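Worksheet for the structure shown next.
There are 2 protein chains.
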Amino acid sequence: MLAPLIKKLERRFAISKADRAALESLEVIVAPIRARNSFILEGDAPDHTHLIHSGFACRYKALADGTRLILSFLIPGDFCDLNAHLLGSVDYSVRTLSDCTIIQIPRGELNSTLLSHPILDRGFRWMSLLDESILREWLISTKCRSAEKQVGHLFCELLMRLQAVGLSQEESYDLPLTQADIGDATGLSTVHVNRMLQRLRGEKLVEFRDKHVNILNLKALTAFSGFNPRYLHLSSELTGT
Amino acid sequence: MLAPLIKKLERRFAISKADRAALESLEVIVAPIRARNSFILEGDAPDHTHLIHSGFACRYKALADGTRLILSFLIPGDFCDLNAHLLGSVDYSVRTLSDCTIIQIPRGELNSTLLSHPILDRGFRWMSLLDESILREWLISTKCRSAEKQVGHLFCELLMRLQAVGLSQEESYDLPLTQADIGDATGLSTVHVNRMLQRLRGEKLVEFRDKHVNILNLKALTAFSGFNPRYLHLSSELTGT
DNA sequence: CGTCGATTTGAAATCTATCAACGATGGTGG
DNA sequence: CCACCATCGTTGATAGATTTCAAATCGACG
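As they're listed, the protein sequences go chains A and B.
Under the working numbering, the residue at position 205 of the first sequence is numbered 205, and the numbers go up by one with no gaps.
Under the working numbering, the residue at position 125 of the second sequence is numbered 125, and the numbers go up by one with no gaps.
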């Protein structure tokens, strides 16, 4: 059940059989949720932690003027609200983009597992920092990259992240988003997203059609969009205390 | 020595005498650093944690094309690289904006203090999440707010953060930045920052002159720039596990 | 068949960047 | 004390990117 999560952790940490067993023995609730459903709202203080098992979701904030801004995409193996308990409540909302199955893990149980399994604790902190690192890169994207590069960069990031949980083919992957979703995530208007997609397609860099991304020339695309995978910290752990 | 840090923590947590004593007994190194000095570089793996004692600094990334993008402002009481050890190395650089004094705390010593003082551990995690929360708000700013609102929003945020460590007067504070710095932080050109400052001044919302911010009408400014202090999580801890 | 959501296209409006230049300031060295 | 230089703030004009508005097309689905 926790396969994507474990897969992600194993890429970077030496997870022992005991660690894995501890995770697998957690008493979780598995819930299917339909697409476009906000299952965590800003201000909530959930007593369960939510983990994506399948499907795509996003963190977002709804602004006063009705704009919805996507703060991060959540893919299988990602936690929605890992640290909510520390801040008291979440300051963003979470909603599904496609049909999803969400795993709910009781807060208290998870905490005690982490207490007795330091590697897991470390891994979970690492995931939280990864979120932050991605956030920083998005900030850079919106500020410094042209609309076209921004969209290209996003496709690169998603490829790497989906690879890490085994959800990509060679250089293509399913992406159940609309162009409007990409607009919400990049801060571009839907119309402009459309034009940028056409341009990227015309330049034989990426195609995004029928909810499927097909990267035609990965090398050229990463070069063009200034994508440097370092910020995803996906390589195995070499240093550290 | 650690006054700003303790002040910040106390606003939200019940810090006991023992906790405070533990912090104060840390063997720290105090270093004065001149303005505009990068003392942590992307890729570094410092064995000390850096805490701002006085002055202004920033996290930033230098891009290939020479652009410098500020990811966050660091004020007294803020850590520069609290979690660097978990990721192995920092993925951003840190530099002073004004003359600063920086406190260096040995990583290992800090860790053991946190292990024996759960409230502090909690507080430190909270600070790290706060960083992330501010990052999210910046992302929203650059994507959804006009240049003028963005600058106004920044002044609101800094007021609140400086208040939390006792570094503001009524509704004004010293801010040792140039207009170019504000540009690097907001992703606007220096020229445009200048015009926005003039406009904000003309509308009797804020003045920024001689390294000093004077908020003329806080209520109007927060309303105008869509500032909601919730994301700073500064109120005292009411909920939580 | 009609409808709804998603994608596509075109034209105009708006915002922000860029380029270039100027004034003010403060510090430095002669 | 003055000349010089560098940095910062200011102003104007122009160019480019992106948004907004409006409308057409397309496909899926009841």
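Just so it is clear, CB atoms sit at the ideal spot from N, CA and C, and this is done for glycine as well.
Since the structure is predicted, the reported quantities are computational estimates derived from the model, not experimental observations.
> Should I29/A go down as buried or exposed, given a rule of 16 or more other Cβ atoms within 10 Å for buried?
Replying inline: exposed
> Where does G240/A sit, in a helix, a strand or coil, going by DSSP?
Replying inline: With a pLDDT of 39 at G240/A, under the threshold of 50, the predicted position of this residue should be treated as unreliable, and no value is reported.
> By Cβ distance, which residues of its chain are closer than 6 Å to S141/B, with the 5 residues on each side in sequence left out?
Replying inline: Its chain contains Q150 and H153 as the residues whose beta carbon lies nearer than 6 Å to that of S141/B, once the 5 sequence neighbours on both sides are disregarded; these appear in chain order.
> How about the region 82 to 94 of chain A and the region 126 to 141 of chain B: do they share at least three Cβ pairs that are nearer than 8 Å?
Replying inline: yes
> Which residues in the same chain have their Cβ closer than 7 Å to the Cβ of R20/B, if we skip the five residues on either side of it in sequence?
Replying inline: I6
> At which residue ranges does the region 25 to 89 of chain A contain complete beta strand (DSSP E) runs of 3 or more residues, listed in the order of the chain?
Replying inline: 29 to 33, 38 to 40, 48 to 54, 57 to 62 and 68 to 74
> Per DSSP, which one or two residues make a beta bridge with Q104/B?
Replying inline: I29/B and H50/B
> From the beta carbon of I140/A, is the nearest beta carbon of chain B less than 7 Å away?
Replying inline: yes
> Which residue's Cα is closest to the Cα of A244/B: Q104/B, R230/B and S72/B?
Replying inline: As shown, chain B starts at 1 and ends at 241. That puts residue 244/B outside it, with no answer to give.
> Could you give the distance in angstroms between the alpha-carbon of H53/B and the alpha-carbon of A35/B?
Replying inline: When the Cα atoms are used, H53/B and A35/B turn out to be separated by approximately 14 Å.
> Looking at the unbroken beta strand (DSSP E) that takes in R95/B, where does it start and where does it end?
Replying inline: S93 to T96
>> Among L41/A, A147/A and R12/A, whose alpha-carbon lies nearest the alpha-carbon of Q198/A?
In response: A147/A
> Going straight from the alpha carbon of T241/A to that of P46/B, what length do you get?
Replying inline: Here the model assigns T241/A a pLDDT of 37, short of 50, so the residue's position is not dependable, and the following value carries that caveat. Rounded to whole angstroms, T241/A and P46/B show a C-alpha spacing of 11 Å.
>> Whole angstroms are fine: how far does the CA of L115/B sit from the CA of D121/B?
In response: Roughly 7 Å between the two C-alpha positions.
> At what residue ranges does the region 147 to 223 of chain B contain a whole run of the beta strand (DSSP E), taking only runs of 3 or more?
Replying inline: 172 to 174, 206 to 209 and 212 to 215
>> Can you list, in chain order, the residues of its chain with a C-beta nearer than 7 Å to that of S128/A? Leave out the 5 residues immediately preceding and following it.
In response: Only L82 and N83 meet the Cβ criterion.
> Does the Cβ of G77/B have 16 or more other Cβ atoms within 10 Å, making it buried, or fewer, making it exposed?
Replying inline: buried
>> Using a Cβ-Cβ distance cut-off of 7 Å, determine whether Y60/A contacts chain B.
In response: no
> Would the beta-carbon of L26/B fall within 7 Å of that of G123/B?
Replying inline: no
> In chain A, what lies closer than 7 Å to L63/B by C-beta?
Replying inline: C144
>> Using 7 Å as the threshold, is the C-beta distance between L110/A and T49/A below it?
In response: yes
>> Can you check which of these residues, F56/B, V191/B, P4/B and P106/B, is closest to P33/B by C-alpha distance?
In response: According to the sequence provided, residue 33/B is Ile. The question's Pro does not apply to it. Comparing Cα positions, the closest option is F56/B.
> For H117/B, which of I15/B, A62/B, I102/B and A220/B has the nearest alpha-carbon?
Replying inline: I15/B
> Just to confirm, does D181/A get its C-beta within under 6 Å of one of the non-hydrogen atoms of the ligand ADP?
Replying inline: In the structure shown, the ligand ADP is absent, as is every other ligand, since no ligand is present at all.
>> Using only the alpha-carbon positions, how far apart do L200/A and L63/A sit?
In response: Cα-Cα distance, rounded: 30 Å.
> Quick one: is A164/A buried, meaning 16 or more other Cβ sit within 10 Å of its Cβ, or exposed?
Replying inline: buried
>> Which same chain residues end up closer than 6 Å to F155/A when comparing Cβ atoms and leaving out the 5 residues on each side of it in sequence?
In response: V206 and V213
> Do M160/A and L218/A have their C-beta atoms within less than 7 Å of each other?
Replying inline: no
> Considering only C-alpha positions, which residue in the set T222/B, L167/B and I75/B is nearest to S100/B?
Replying inline: Per the sequence shown, residue 100/B should be read as Cys rather than Ser. Out of T222/B, L167/B and I75/B, I75/B has the C-alpha closest to the C-alpha of C100/B.
> Does any CB atom of chain A fall closer than 7 Å to the CB of L69/B?
Replying inline: With a threshold of 7 Å between beta carbons, L69/B makes contact with chain A.
> If we ignore side chains and look at the alpha-carbon of each, how far apart do P4/A and I103/A end up?
Replying inline: 12 Å
>> Is there a Cβ of chain B sitting closer than 7 Å to that of E132/A, yes or no?
In response: E132/A counts as touching chain B.
>> The alpha helix (DSSP H) that contains L9/A, what's its start and end?
In response: A3 to E10
>> Please classify V191/B as buried or exposed, where buried requires at least 16 neighbouring CB atoms within 10 angstroms.
In response: exposed
>> Between the alpha carbons of S168/B and R107/B, how many angstroms are there, rounded?
In response: 31 Å
> How close, in whole Å, do the beta carbons of D181/A and L97/A come, if the pair is a contact with beta carbons under 8 Å?
Replying inline: 6 Å
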